[in-house]
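Trainee: Structure incoming, see below.
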Amino acid sequence: MSQTLSSVIAALLFAVCASLTVPVQAQNINNNVATMTRNLTGTWSTGSGAVLTGVNFYNPVDRSFTLPLTAGESYSFTSDGFWEQASVKWISNPSEPDCPTLHAIWQHGTYQIYPSNNTVHLEPFWGDGHQYMSAYCSTPNSQKLASSGPSTLGTWMGVSDKSDGTLAAYNQMEEFRLPTFDIDLHYGVPFDVLFLQIPSGKRKNRLYKYLDPPQMLPTEQLHVEVYGAM
5 MSQTLSSVIA
15 ALLFAVCASL
25 TVPVQAQNIN
35 NNVATMTRNL
45 TGTWSTGSGA
55 VLTGVNFYNP
65 VDRSFTLPLT
75 AGESYSFTSD
85 GFWEQASVKW
95 ISNPSEPDCP
105 TLHAIWQHGT
115 YQIYPSNNTV
125 HLEPFWGDGH
135 QYMSAYCSTP
145 NSQKLASSGP
155 STLGTWMGVS
165 DKSDGTLAAY
175 NQMEEFRLPT
185 FDIDLHYGVP
195 FDVLFLQIPS
205 GKRKNRLYKY
215 LDPPQMLPTE
225 QLHVEVYGAM
């Protein structure tokens with residue numbers, strides 16, 4: 005066999021192998037995205053699961069929050085690309101140690117997995133998300149905590165600049181490295197565990213899967229902002 009013919013055959017074989025490799029790689033990527041989406045689907049929460057997404061946390065009709073006493077964070081994901089976030093945090097005030105600030109967040113939107121750069125992007129429905137902030141002091145506002153019952157701080161209506169707090173818009177895109185999953189004992193029971201890590205490398209608190217299918221508000225734009233309206 006001449007050297008020229010051998011070179012032609014080698015080139016043809018290389019071209020055939022290359023044409024087969026691209027579809028295989030694309031199939032592997034699609035399979036990875038499908039597996040990741042399947043694993044993500046559900047409602048996840050930190051700790052005891054006191055904070056969960058859905059209408060029991062945020063009511064879009066009157067833009068009100070019903071908040072648990074316990075801080076925590078919850079994410080929900082659907083198999084068709086939607087997400088929701090609920091968060092309750094207590095922020096310390098060094099100048100007034102007896103007056104921590106309550107910060108509650110709710111938002112939702114769509115998510116996209118990008119295997120090419122190992123990230124998942126969470127895009128909010130702009131204009132839907134809201135946050136509530138209020139300072140609580142040991143005297144006299146501690147009575148407000150006691151009178152709200154053992155399980156919740158109460159419900160706050162969606163009115164800006166209230167005497168006991170402020171409601172404002174909250175629309176925040178989020179980006180994470182591709183999530184990782186595990187199974188761990190939680191209160192003595194095996195739970196699926198989700199780890200979300202921001203690009204800088206910092207991990208959020210571990211999230212446990214409490215519900216599947218997820219508990220969420222409608223996966224569509226809930227508020228329409230009309231600019232220039234009175």
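Here the numbering used here = 1-based position in the sequence shown + 4.
We treat Cβ as the ideally placed atom computed from N, Cα and C, and that holds for glycine.
1. What is the C-beta distance between Val55 and Gly76, in whole angstroms, given that I count them as a contact (C-beta under 8 Å)?
2. Do you know offhand how far Val197's Cα is from Ser80's?
3. With a 10 Å radius around its C-beta and 16 neighbouring C-beta atoms as the bar for buried, classify Pro203 as buried or exposed.
4. Where Gln225 and Trp48 are concerned, what is the direct C-alpha to C-alpha distance, given to the nearest angstrom?
5. Could you tell me whether the region 112-123 touches the region 166-185, using the rule of 3 or more Cβ pairs below 8 Å?
6. In chain order, what are the residue ranges of uninterrupted alpha helix (DSSP H) at least 4 long that sit wholly in the region 31-117?
7. Leaving aside the five residues before and after Pro222 along the sequence, list all residues of the same chain whose C-beta is less than 7 Å from its C-beta, in chain order.
8. From the DSSP secondary-structure annotation, give me the bridge partner or partners of Phe195.
9. Measure from the alpha carbon of Gly169 to the alpha carbon of each residue in Thr41, Glu127 and Cys141, then state which is nearest.
10. Enumerate in chain order the residues of its own chain whose CB-to-CB distance from Glu88 is below 6 Å, with the five nearest sequence positions on each side excluded.
11. By Cβ distance, which residues of its chain are closer than 8 Å to Pro194, with the 5 residues on each side in sequence left out?
12. When the distance is taken between beta carbons, is Pro104 closer than 9 Å to Ser96?
13. Is Thr223 helix, strand or coil when you go by DSSP?
14. Is the beta carbon of Tyr191 closer than 9 Å to that of Ser78?
15. Which residues in the same chain have their Cβ closer than 6 Å to the Cβ of Gln135, if we skip the five residues on either side of it in sequence?
Mentor: By the coordinates alone:
1. Your numbering for residue 55 matches position 51 in the sequence shown. Your numbering for residue 76 matches position 72 in the sequence shown. Yes, they are in contact, since the Cβ atoms of Val55 and Gly76 sit about 4 Å apart, within 8 Å.
2. On the sequence shown, residue 197 is found 193 positions in, with the first residue counted as 1. On the sequence shown, residue 80 is found 76 positions in, with the first residue counted as 1. Roughly 13 Å between the two C-alpha positions.
3. As a first step, residue 203 must be located in the sequence shown, where it is residue number 199. Pro203 is exposed by the Cβ-count criterion.
4. Taking the sequence shown and counting its residues from 1, the one referred to as residue 225 is at position 221. Taking the sequence shown and counting its residues from 1, the one referred to as residue 48 is at position 44. Their Cα atoms are separated by approximately 22 Å.
5. yes
6. none
7. Numbered from 1 along the sequence shown, position 218 holds the residue referred to as residue 222. Excluding residues within five positions, none has a Cβ falling inside 7 Å.
8. What you label residue 195 is simply residue 191 of the sequence shown in a count that begins at 1. Looking at the DSSP assignment, Phe195 forms a beta bridge with Asp188.
9. Counting from one through the sequence shown, the residue named residue 169 turns up at place 165. The option with the nearest alpha carbon to Gly169 is Cys141.
10. In the sequence shown, residue 88 corresponds to position 84, counting from 1. Same-chain partners within the cutoff: Thr57, Ser80, His112 and Met220.
11. Your numbering for residue 194 matches position 190 in the sequence shown. Once the five neighbours on either side are set aside, the close Cβ partners of Pro194 are Ile187 and Asp188.
12. Position 92 of the sequence shown, counted from the start, is the residue given in the question as residue 96. Position 100 of the sequence shown, counted from the start, is the residue given in the question as residue 104. Yes. Within cutoff.
13. Reading the sequence shown from its first residue, position 219 is the one you call residue 223. Coil, per DSSP.
14. The sequence position of residue 78 within the sequence shown is 74, counting from 1. The sequence position of residue 191 within the sequence shown is 187, counting from 1. No, the pair does not count as a contact, with Cβ atoms beyond the cut-off.
15. Taking the first residue of the sequence shown as position 1, residue 135 is located at position 131. Here the set comprises Ile109, Ala172 and Tyr174.
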